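Colleague: Dropping the structure in here first, questions after.
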Amino acid sequence: MKLIIAVIQDKDSNRLSNALVENNFQATKLASTGGFLKAGNTTFLIGVKDEEVEDVLGIIQGNCKAREQLVAPVSPMGGNADSYVPYPVEVQVGGATVFIMPVEQFEKF
Amino acid sequence: MKLIIAVIQDKDSNRLSNALVENNFQATKLASTGGFLKAGNTTFLIGVKDEEVEDVLGIIQGNCKAREQLVAPVSPMGGNADSYVPYPVEVQVGGATVFIMPVEQFEKF
Amino acid sequence: MKLIIAVIQDKDSNRLSNALVENNFQATKLASTGGFLKAGNTTFLIGVKDEEVEDVLGIIQGNCKAREQLVAPVSPMGGNADSYVPYPVEVQVGGATVFIMPVEQFEKF
Ligand code: NI
Ligand code: NI
Ligand code: NI
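Chains as they are written, first to last, in the working numbering: chain B, 6 to 114; chain D, 6 to 114; chain R, 6 to 114.
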């Protein structure tokens, strides 16, 4: 038994939840902020059998991996015209920080 | 030293908190959602000595165990009369998913 | 690799966050309540290399240690004049409960 603690971006949270459910893995979500990832994030707790760890890591990587995204230019508001970028820019979104923790005993009541 | 991570239903949260306090165990509660249990849930972190694990598991089981509960029929609102059940039904409530984690070092400042 | 789980008082949370960032440690904060510490608290998850554990413990102790604080007297409102204390009193603030957990595998996607 292992407990997988995965910190991911909020925007990937629903997609990861759905992918885990489709594969019959159960997860609990904890509201979390800051730190490992810049934007708002969510911490997943996923209890798995030892032989399922790689499967779940694949699901996390497939749904949350850091990737580039084109962001449309935003019209300057107020006096920020100097920093206005008139073309789409690539920003990095997503990403996951994952800890696989040993579990000594597991109980379900 | 062990860290007990227990995911339980919100409705059992106060009862478990009180039972832990009465038995001189300290717990931290994390707001959590979805997953291991269907309804809203709460994740308890409880730090205990090795020899106290069984006591705390007993307290969790005694206060959070999955059980049947009779739910009174609810009058149908709007057009749901087709699915109206005119007698009390048994639903499962409660339940706890519990991970007992090894702790390498413990500090209190 | 270790995962440091630190429960600290809300009032020390920003100070600890800043001190961790200044020292290039990343942390995720979980909203938490009650238990190990009386007032509102925050749970930090901090992933570190084995040789960094002592550094991080020092930063937690330096920013969150339990200490005495003088609290100014509050004018009695309503009928509480009997319990009014007309001079500043020392109360204990801060404090940290810290679990250092073994990590079996760590992944960053
Ligand atoms: Ni195992
Ligand atoms: Ni121990
Ligand atoms: Ni290690």
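Cβ coordinates follow ideal geometry from the N, Cα and C atoms, glycine included. Predicted, not measured: the structure shown is a model, and the values here were computed from it.
#1: Using a beta-carbon distance below 8 Å, is LEU62(D) in contact with chain B?
#2: Kindly indicate the opening and closing residues of the beta strand (DSSP E) around ASN46(D).
#3: Cβ of VAL98(D) within 8 Å of Cβ of LYS16(D)?
#4: Within the region 9-37 of chain D, note down every full alpha helix (DSSP H) run reaching 4 residues or more, in order along the chain.
#5: Would you check if the distance between the CB atom of CYS69(B) and the CB atom of ALA32(B) is smaller than 8 Å?
#6: So for GLU57(D), helix, strand or coil by DSSP?
#7: In this structure, what does DSSP give as the bridge partners for ALA71(B)?
#8: Going along chain D in order, which residues have a C-beta closer than 9 Å to the C-beta of ASN46(R)?
#9: Could you check the C-alpha separation between GLU27(D) and ALA36(R) for me, to the nearest Å?
#10: Of all Cβ atoms in chain R, is any one closer than 8 Å to the Cβ of ALA36(D)?
#11: Answer with buried or exposed for GLY52(R), where buried requires no fewer than 16 other C-beta atoms within 10 angstroms of its C-beta.
#12: Buried or exposed: GLN74(R), going by 16 or more other Cβ atoms within 10 Å of its Cβ?
#13: Please name the residue, chosen from THR38(R), GLU57(R), GLY63(R), that lies closest to GLU112(D) on a Cα-to-Cα basis.
#14: Listing by chain order, which chain B residues have their CB less than 9 Å from the CB of GLN101(D)?
#15: To the nearest angstrom, how far is it from the Cα of PHE104(R) to the Cα of GLN14(B)?
Modeller: In short, the structure shows the following:
#1: For LEU62(D), at least one C-beta of chain B is nearer than 8 Å to its own C-beta.
#2: Element bounds for ASN46(D): 46-53.
#3: The answer is yes: Cβ separation under 8 Å.
#4: Whole alpha helix (DSSP H) segments, 4+ residues: 18-27.
#5: Contact: no.
#6: Three-state result, GLU57(D): helix.
#7: BP columns for ALA71(B) are empty, so no partner.
#8: Those within 9 Å of ASN46(R) in chain D are THR33.
#9: Cα-Cα distance, rounded: 24 Å.
#10: So yes, ALA36(D) belongs to the interface.
#11: That one is buried.
#12: Counting other Cβ atoms within 10 Å of its Cβ, GLN74(R) stays below 16 and is therefore classed as exposed.
#13: Nearest C-alpha to GLU112(D): GLY63(R).
#14: The sequence as given places Ala at residue 101(D); Gln does not occur at that position. Residues of chain B passing the Cβ test: GLU112, LYS113, PHE114.
#15: In a straight line, the C-alpha of PHE104(R) is about 25 Å away from that of GLN14(B).
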